[in-house]
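Protein chains in written order, with numbering that gives the first Met the number 0: chain A, 0 to 258; chain B, 0 to 284; chain C, 0 to 179.
Note that beta-carbon positions come from the ideal geometry of N, C-alpha and C, so glycine has one too.
Since this is a predicted model, take the numbers as computed values, not measurements.
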Amino acid sequence: MNCDQAKLFFAEHWSGTLPDQEEIELERHLGSCEACRAEAERLAPLWSGLASLPSEEPGPDMRGRFYETLAAYRDGAATAKTSAHRPLRLVWQIAAGVALLVAGGGAGYAVRGQSSGPSELAQLRGEVNSMRQLVALSLLQQQSASERLRGVSWAYRVESSDTEVLSALVSAVNHDPNINVRLAAVDALHPFAGSATTRDAVLQSLPRQSAPIVQVALIDLLVDLKERDALKELERMVSDSSIDSDVRQHAQWALEKLQ
Amino acid sequence: MNKTVLGFGLAALAASVLTAQDANPLRQSIKVPFSDATAQRKLVVEGLVGAITVRGYEGKEAVVEYTGRAGNSRSSANNPPPAGMHRIGGGRDMEITEDHNTIRVGHGSFMFPTDIVIQVPVDTSVNVSSLAGGAGGISIENVSGEIEASNMAGPVTITNASGSVVAHSMAGKITVTLNKVMPDKSMSFSTMNGDIDVTLPADTKARLKMKTDNGDIFTDFDVTLDPQKGATTVEEQKSKGTKNGKDTRTRYRARLDSTTNGIINGGGPEMQFTTFNGRIVIHKK
Amino acid sequence: MERVGAGELAKLAVLFERHHRALFRYFVSMNRDRALAEDLVQDVFFRILRYRTSYDPEKPFTAWMYQIARRASLDRVTARRGEVVGIEEFTDRRNEPVSAAPGPEERASRGQNLALLRKAFDQLPPDKREILLLSRFEEMKYEEIASVLGCELGTVKVRVYRAVRALEQIYFTLEKERAS
């Protein structure tokens with residue numbers, strides 16, 4: 000290997016991607032050629048520095064715009080025209096639905112028909128539904144707890160009558176692998192307090208949780224819901240010595256509140 | 000590409016096993032390359048017992064160091080070393096796999112307590128969960144990416160990091176120092192008994208949601224509290240010992256029964272702080 | 000616009016999630032305009048949808064995507080030539096980083112002055128910036144870069160080397176300027 004050839008291998012050498020044979024030859028050359036060695040040492044920090052340059056991050060609405068256009072694409076040219084004037088709220092709903100689907104693991108998701116309201120609205124809801132499924136597939140790629148948390152915080156923006164969002168939240172409370180996401184999902188259930196589904200779900204969830212901080216959050220929610228059906232489970236918790244002592248005390252406090 | 004590297008010299012695999020350090024013949028050091036340059040680098044550590052340290056460094060591959068199991072006599076007795084070789088570790092202590100730039104580290108056929116140190120390129124997302132981190136806990140330093148950490152016993156300490164953090168400790172303290180935050184990422188910190196001590200860049204935009212049942216909340220950020228949610232009583236105290244007479248920052252001391260909501264720097268993604276018995280301290284960097 | 004199956008849209012969403020940040024970075028570095036970069040990223044993904052039948056699944060997707068990206072960029076920049084922004088102006092205009100505090104990346108750079116390196120990189124001619132973006136930031140293989148740029152493998156090697164040398168020249172010139 001001569002000097003000119005050696006230089007062409009520098010970058011891959013620094014990146015560690017040079018094939019073995021060439022790497023051996025290059026190292027042999029560098030071992031014997033003072034000039035090339037000096038040059039390689041001089042340039043290497045620049046190469047490694049390049050990877051550390053802070054990257055430009057796109058603005059927060061870029062994603063929303065993309066998914067909005069995607070929706071327009073799905074509906075063909077006619078709908079695409081109207082999509083330009085469609086309120087941003089639709090995007091929010093799509094995003095929220097999607098993020099929640101991810102939060103719930105996307106499993107066992109059933110689309111329930113919402114037949115009330117004018118037909119245009121129904122159509123819009125239909126779109127939102129299918130977009131949720133669509134984008135859910137994509138966000139499922141991102142197994143990031145931070146993204147799922149974002150989904151949970153969006154739940155506050157949807158109507159509290161939205162049973163799909165509710166079931167996605169419940170699913171997150173019970174199945175999300177990340178404790179912080181579960182915790183956030185419990186809090187997000189508060190606006191859904193009016194629904195019997197919420198009450199049942201919270202009651203059933205309590206014995207399944209092992210993290211004390213989630214148990215506390217569920218107990219607080221039950222007190223909030225004034226859920227007297229919880230008394231039995233709370234009593235069980237108070238006497239269960241395998242449960243964290245603070246949680247048991249908290250359950251005792253809840254019992255007194257509810258009785 | 001999907002490689003499985005076992006924590007004992009399977010030299011046929013692309014990962015190279017370095018010789019053990021002199022001090023401890025069971026100390027293992029395993030290099031695992033990231034194979035797919037098109038995907039975000041990610042490290043997942045799960046199901047281990049013992050202190051876990053993840054540290055960003057300048058290299059391109061992950062370097063996993065741990066102490067192998069002592070008294071692993073089964074393999075010593077049945078597998079005498081080949082001529083001219085000496086044993087540098089035993090058994091399938093650790094299982095390490097790489098698939099599309101995600102490296103997973105977990106225990107092998109036996110779970111045993113060991114302190115493990117993993118070095119990764121700075122730009123790596125990290126997801127560490129520990130069954131029992133012990134006093135050393137989980138420690139993550141110098142990385143830039145999405146960080147998730149969960150410790151069933153012991154503290155979680157994240158220092159000199161950038162990106163986003165989702166951290167939980169069952170009973171220990173959570174300490175996080177972020178030099179830079181990703182603008183649209185939600186974060187969350189939770190512990191039952193420990194304090195939550197988080198340092199954020201001064202210009203961080205966020206909506207804060209803070210809850211402690213038996214502790215106090217402190218911050219030197221200018222927090223705009225949301226009066227409609229939570230916050231029952233808020234006391235303002237001028238900080239003492241001002242330097243050059245210039246430090247007029249207000250310290251908020253909020254005492255409350257439930258959740259306190261507030262925004263900093265005009266608001267942004269949600270950051271949730273939840274502890275039952277601990278304090279919440281949010282520092283401005 | 001044509002009708003596209005939901006399955007294909009889902010795939011596009013997957014691709015978007017995976018690549019939009021890198022593409023955005025590429026466009027910002029090439030054109031120095033954040034708004035334009037956002038438009039171009041959008042443009043690329045819908046071109047991908049339009050030309051999806053021309054993609055050869057045997058070949059790396061990233062390379063194909065960058066071929067499309069270059070085309071999109073070229074089309075757009077040609078259309079709006081005359082409003083190109085100067086380097087200085089761009090640097091002033093660029094959004095401040097979220098925090099000025101030194102992050103791990105700074106510490107990891109062996110004392111390199113990253114701000115200076117950034118400046119030097121921005122002053123490189125576009126073709127040199129581009130080859131460094133593809134080889135260093137995107138970490139693409141030389142074969143892939145060759146197919147993106149439509150040149151020989153050997154040419155890529157030469158151009159990467161020359162780009163690093165050019166970067167060095169500018170970097171050290173800037174360093175001297177600052178010292179004096």
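* To do: Return the Cβ separation of A183 of chain A and Q271 of chain B in integer angstroms, given the expectation that the two are a contact with Cβ distance under 8 Å.
  => 6 Å
* Asked: Going by C-alpha distance, which of B:K59, B:V63, B:N126, B:T66 is nearest E45 of chain B?
  -> B:N126
* Among B:D122, B:G265, B:A36, B:K283, which one has its Cα closest to the Cα of G144 of chain B? -> B:D122
* **Continuous beta strand (DSSP E) stretch holding H99 of chain B: start and end** => From DSSP, H99 of chain B is part of no beta strand (DSSP E); its letter is neither H nor E.
* To do: Mind reading off the beta-carbon distance from I263 of chain B to V222 of chain B? Whole number of angstroms is fine, and I expect it under 8 Å.
  => 6 Å
* Take H189 of chain A as the anchor and find which of A:R64, A:R235, A:R147, A:L220 has the nearest alpha-carbon. => A:L220
* Of the residues C:I169, C:W63, C:E138, C:A145, the one placed nearest L123 of chain C, counting alpha carbons only -> C:I169
* Leaving out five residues on either side along the sequence, give the residues of the same chain with a beta carbon under 7 Å from the beta carbon of P103 of chain C. => Because P103 of chain C carries a pLDDT of 43, less than 50, the predicted location of this residue cannot be relied on, and the following value inherits that uncertainty. Contacts found: none.
* Closest to G150 of chain A by CA distance: which of A:V180, A:A10, A:P176 is it? -> A:V180
* Asked: Is R93 of chain C close to chain B, meaning its C-beta is less than 9 Å from at least one C-beta of that chain?
  -> Reliability fails at R93 of chain C, whose pLDDT of 36 lies under 50, so the model's placement of it is uncertain and no value is given.
* Asked: Hey, would you say T156 of chain B sits closer than 9 Å to K179 of chain B, going by beta carbons?
  -> no
* Asked: How would you write the range of the alpha helix (DSSP H) that T197 of chain A sits in, first residue to last?
  -> 195-204
* Check each residue of the stretch 220-243 of chain A: if its Cβ is closer than 9 Å to any Cβ of chain B, include it; give the result in chain order. => D243
* **Option in B:M186, B:A61, B:I279, B:L224 with minimal Cα separation from V119 of chain B** => Considering only B:M186, B:A61, B:I279, B:L224, the residue with the shortest C-alpha distance to V119 of chain B is B:A61.
* Asked: Taking the alpha-carbon positions, what's the L230 of chain A to V13 of chain C distance?
  -> Looking at the two C-alpha atoms, the distance is approximately 46 Å.
* To do: Compare the C-beta of E174 of chain C against all C-beta atoms of chain A and say whether one is closer than 9 Å.
  => Between E174 of chain C and chain A, the shortest Cβ-Cβ separation is not below 9 Å.
* To do: Return helix, strand or coil for N179 of chain A, following the three-state DSSP convention.
  => helix
* Asked: Given that a residue counts as buried once 16 or more other Cβ atoms are within 10 Å of its Cβ, and exposed if not, what is E16 of chain C?
  -> Label assigned to E16 of chain C: buried.
* May I ask you to report which of helix, strand or coil DSSP gives L116 of chain C? => If DSSP states are grouped into helix, strand and coil, L116 of chain C belongs with the helices.
* To do: Could you tell me whether the Cβ of A10 of chain A comes closer than 9 Å to any Cβ of chain C?
  => yes
* C-beta contact flag for H19 of chain C and T61 of chain C at 9 Å -> no
* To do: Please check the pair A216 of chain A and V237 of chain A, which I expect to be a contact at CB under 8 Å, by giving their CB distance rounded to whole angstroms.
  => Not really, about 17 Å apart at Cβ, beyond 8 Å.
* When A:L7, A:S241, A:E226 are compared against L254 of chain A, the one with the closest alpha-carbon -> Of the residues A:L7, A:S241, A:E226, the one whose Cα lies closest to the Cα of L254 of chain A is A:E226.
* **Beta carbon proximity, S129 of chain B to chain A, threshold 9 Å** => no
* To do: Compare the C-beta of R117 of chain C against all C-beta atoms of chain A and say whether one is closer than 9 Å.
  => yes
* To do: Following the continuous alpha helix (DSSP H) through G153 of chain C, name the residue where it begins and the one where it ends.
  => 152-178
* **For L259 of chain A, the nearest candidate out of C:A145, C:E176, C:L132 (CA to CA)** => The structure shown does not extend to residue 259 of chain A, since chain A is modelled only from 0 through 258, so no value can be given for it.
* Asked: With C-beta atoms as the reference, is T259 of chain B less than 9 Å away from K208 of chain B?
  -> yes
* Asked: Nearest to G261 of chain B by CA position, among B:T37, B:S149, B:V43, B:K204, is which residue?
  -> Closest by alpha carbon: B:K204.
* Asked: Helix, strand or coil for A71 of chain C per DSSP?
  -> helix
* Under 9 Å Cβ-Cβ, which residues of chain B neighbour E188 of chain C? -> The structure shown does not extend to residue 188 of chain C, since chain C spans only 0 to 179, so no value can be given for it.
* Give a yes or no on whether 9 Å exceeds the smallest Cβ distance from H249 of chain A to chain B. => yes
* Could you have a look at A145 of chain C and say whether DSSP puts it in helix, strand or coil? => helix
* Leaving out the 5 sequence neighbours to the left and right, which residues in its chain are closer than 6 Å to L120 of chain A when beta-carbon positions are compared? -> In this prediction, L120 of chain A scores a pLDDT of 49, lower than 50, which makes its location untrustworthy; the coordinate-derived value is nonetheless stated afterwards. In its chain, beyond the 5 residues on either side, no residue has a beta carbon closer than 6 Å to the beta carbon of L120 of chain A.
* To do: Flag Q236 of chain B as yes if its beta-carbon sits less than 9 Å from any beta-carbon of chain C, otherwise no.
  => Below a pLDDT of 50, predicted positions are generally treated as unreliable, and Q236 of chain B, at 38, falls in that range; the measurement from the model is reported next regardless. Cβ-Cβ to chain C under 9 Å: no for Q236 of chain B.
* Asked: Alpha carbon to alpha carbon, how far is L168 of chain A from I67 of chain C?
  -> 40 Å
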